[in-house]
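K.L.:
Can you keep this structure in mind? I'll have questions shortly.
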Amino acid sequence: MSGPEVILRVENVTKRFGGVVALNDVTLSVGRGEIVGLIGPNGSGKTTLFNCITGVYKPDRGRVFFMGRDITGLQPHEVAKLGIARTWQKVRPFRNLTVLEAVTTGALLRTDSVEEARKTAVEVLELIGLPREEWGRLGSEITLMEHKLVDLARALATGPQLLLLDEIAAGLRPHEQERLAEVIKKVWSDRGLTIVVVEHVMRFVMSLSKRVVVLHEGRVIAEGPPEEVASNPRVIEAYLGI
Ligand code: ADP
């Protein structure tokens, strides 16, 4: 890939679960400052790829490089410390913590000082525009949309260079998805972040990314601008399952 510095490089990654080949020789690069969409039907390997990047799984074959450094096989907390943050497909409940406390736990990755972590949490919550009156609410008291914003805030509070969003728009209504896309764009430009967005909601990805990568049955089957990819016969076939 020419152009910007490659911040993330996945090289020939294969991951099997018993007889299932979840990722089959996947190679892709992400340039610093990009928002890349990673799409594909259910079961195509998107979450497994995030898990291989963030150290949840070790690939059976292939390597993962972050800012030129080989991070294959590192533990999740080591990967997080190097500057990769993620959100999870299922929101992580924090019933007995307040919003502010939950985001503060993210910031504790970088400091032992609770006061400093709280300051970071406040900055992040202000950036994502969650109203101050929500900050004292418990996890059990907030809506799904607020949970998504808090998840995003927790990830940002860890001070990442690269943010991986796993189906963050799932379950939201169209107007909430639009608002979330606006928040993500704001965070991206304010923090100079690089973002990979996993979705199977095509419209959400298209509103955010200039480049999408399509996975199908563990392989990259197409890559390019969203309009081009959406009209690619292989992609249409993969989505329709014919
Ligand atoms: P996607 O995120 O695109 O829906 P996944 O990465 O979750 O796809 O899954 C890819 C394939 O790997 C699927 O066939 C899934 O059943 C399988 N898979 C994922 N994680 C595991 C696991 N921990 N154990 C067994 N099979 C898994």
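In full-length UniProt numbering, the protein residues as written are 1 to 242. By construction, the Cβ of each residue, glycine as well, lies at the ideal position given by its N, Cα and C atoms. Just so we're clear, the structure is a prediction, and the values are computed from it rather than from any experiment.
1. Below 8 Å, is the gap between the Cβ of phenylalanine 17 and the nearest heavy atom of the ligand ADP?
2. Enumerate, from N- to C-terminal direction, the unbroken beta strand (DSSP E) stretches of 3 or more residues contained entirely within the region 105-132.
3. What are the complete beta strand (DSSP E) segments, minimum 3 residues, inside the region 19-98?
4. Do the region 197-216 and the region 224-236 meet, that is, are 3 or more Cβ pairs less than 8 Å apart?
5. Using the beta-carbon count (16 or more within 10 Å), is arginine 92 buried or exposed?
6. Just the C-alpha distance for leucine 193 and alanine 153, rounded to the nearest angstrom, thanks.
7. Identify whether histidine 216 lies in helix, strand or coil by the three-state DSSP scheme.
8. Hey, is valine 20 close to the ligand ADP, as in C-beta under 8 Å from one of its heavy atoms?
9. Grouping DSSP H, G and I as helix and E and B as strand, with all else coil, what is lysine 210?
10. So is the beta-carbon of lysine 58 under 8 Å away from any non-hydrogen atom of the ligand SAH?
11. Does any heavy atom of the ligand ADP sit closer than 8 Å to the C-beta of serine 44?
12. Within the continuous beta strand (DSSP E) that includes valine 13, where are the two ends?
13. Counting only the same chain and skipping the five closest in sequence on each side, list residues whose C-beta sits under 6 Å from that of asparagine 51.
14. So does the region 60-72 actually touch the region 82-98, counting three or more Cβ pairs closer than 8 Å?
15. Are glutamate 199 and alanine 169 touching if we call contact CB-CB under 9 Å?
16. Drop a sphere of 10 angstroms on the beta-carbon of isoleucine 35, count the other beta-carbons inside from all chains shown, and report buried for 16 or more, exposed for fewer.
17. How about the region 173-182 and the region 99-119: do they share at least three Cβ pairs that are nearer than 8 Å?
18. List the residues that DSSP assigns as beta-bridge partners of valine 194.
19. So, with DSSP's three-state summary, where would you put leucine 172?
20. Buried or exposed, going by whether 16 or more other CB atoms sit within 10 Å of the CB of aspartate 190?
P.N.:
With the given structure in hand:
1. Yes, Cβ of phenylalanine 17 sits closer than 8 Å to a heavy atom of the ligand ADP.
2. none
3. The region 19-98 contains these whole beta strand (DSSP E) runs: 20-31, 35-39, 61-66, 84-86.
4. yes
5. exposed
6. C-alpha of leucine 193 to C-alpha of alanine 153: approximately 14 Å in a straight line.
7. strand
8. Yes - the ligand ADP has a heavy atom lying nearer than 8 Å to the Cβ of valine 20.
9. Of the three classes helix, strand and coil, the one that applies to lysine 210 here is coil, per DSSP.
10. No copy of the ligand SAH occurs in the structure displayed; its ligands are the ligand ADP alone.
11. Serine 44 Cβ: within cutoff of the ligand ADP.
12. That run of the beta strand (DSSP E) goes 6-17.
13. Tyr57
14. yes
15. yes
16. buried
17. Contact between the region 173-182 and the region 99-119 is absent, because fewer than three Cβ pairs lie under 8 Å.
18. Per the sequence shown, the amino acid found at residue 194 is threonine instead of valine. In DSSP, threonine 194 forms a bridge with Leu162.
19. coil
20. exposed
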